[in-house]
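Asker: First the structure, then my questions, so here it is.
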Amino acid sequence: NYLIYRGVCRATILHNSISSNHRRDNTMATLLSSIVVVFLCCHSTKLVTNTYEAYQMIYYGELLVWPPWAEVLSRWNHFMLVVNASVNILIYVVKDSKFRSSLSALMTSLMTRNKFAVLTGKEAIRRRFSTRSEVTMRTFAGPRELEDLPEDGDTHL
5 NYLIYRGVCR ATILHNSISS NHRRDNTMAT LLSSIVVVFL CCHSTKLVTN
55 TYEAYQMIYY GELLVWPPWA EVLSRWNHFM LVVNASVNIL IYVVKDSKFR
105 SSLSALMTSL MTRNKFAVLT GKEAIRRRFS TRSEVTMRTF AGPRELEDLP
155 EDGDTHL
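Quick note on the working numbering: the sequence shown kicks off at 5 and runs consecutively.
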C-alpha cells in the first residue's frame, strides 16, 4: 500500500509541475497517434487485395481472375473504412475536451433551432403556417388540404 501511495504522490507532483500547454500537447499527440494506429489497422487488409491486383496487372496486363476470397476481403475493406471514420469521431470525443464542448454546443444549437423538425403530417403543416396569413396558407397547402387539418385541440392526425 505504501508503494502505491508513493507512486500516486510522485504522479501528482509530476502532473502539477507540467504546464497546461504541455498537457494539451501530450493529449493532442496521444489523440493523433490513436488516429494513426486506427487508420493503419483499418486499412492494413487493403494491402493484400492491392498486392494481388498489382501482381495480376504486372504479369498478365489485366485483372484476369477476382477470386471469392478477394471479393470478401474487398467488402471487408469497405466495412473497415466505415469503422475507421466512426472510431475517429469517438477518439476525438474521448480525448479532446474542446472538441466535446464544441460538438455539444453545435448539437444543442441544432436541436433548439429545429424543434419542429420531428413533427409530421398535418401537425407540421399547421405549425409551419400558424403565423402566416390565410392567403399564404392556401397558396402553399391548398384549400382542400386546409379543410382536412384537425382543429387545434384535436390530437388525431
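By construction, the Cβ of each residue, glycine as well, lies at the ideal position given by its N, Cα and C atoms. Values in this document were obtained by computation on a predicted structure and should not be read as measured data.
Using C-beta distances below 7 Å, list every residue in its chain close to Lys50, excluding the 5 sequence neighbours before and after it, in chain order.
Answerer: Hits under 7 Å: Asn81.
Asker: Could you tell me which whole alpha helix (DSSP H) segments of length 4 or greater appear in the stretch 15 to 82?
Answerer: Qualifying alpha helix (DSSP H) stretches, in chain order: 24 to 47 and 50 to 64.
Asker: In whole angstroms, what separates the C-alpha of Val40 from that of Thr53?
Answerer: About 21 Å.
Asker: Excluding the 5 residues flanking Leu35 on each side, which residues of the same chain have their C-beta closer than 8 Å to its C-beta?
Answerer: Around Leu35: Ile95, Tyr96, Lys99 and Asp100.
Asker: For Arg117 and Leu18, what's the separation of their Cα atoms in angstroms?
Answerer: Distance between the alpha carbons of Arg117 and Leu18: 45 Å.
Asker: What is the C-beta distance between Val87 and Cys46, in whole angstroms, given that I count them as a contact (C-beta under 8 Å)?
Answerer: Yes, they are in contact, since the Cβ atoms of Val87 and Cys46 sit about 6 Å apart, within 8 Å.
Asker: From Leu68 to Val42, what does the alpha carbon distance come to, in whole angstroms?
Answerer: Roughly 33 Å separates the two Cα atoms.
Asker: Out of Arg28, Glu57, Met115 and Tyr64, state which residue places its alpha-carbon closest to the alpha-carbon of Phe103.
Answerer: Of the candidates Arg28, Glu57, Met115 and Tyr64, the one whose C-alpha sits nearest the C-alpha of Phe103 is Arg28.
Asker: Our contact map puts Ala33 next to Tyr56 with C-beta atoms below 8 Å; I'd like the distance itself, whole angstroms only.
Answerer: That pair is no contact at about 36 Å.
Asker: On the three-state DSSP scale, how would you describe Asn92?
Answerer: Three-state DSSP puts Asn92 in a helix.
Asker: Whole angstroms is fine: what's the gap from Thr16's alpha carbon to Ser105's?
Answerer: If I take the Cα positions, the gap works out to 26 Å.
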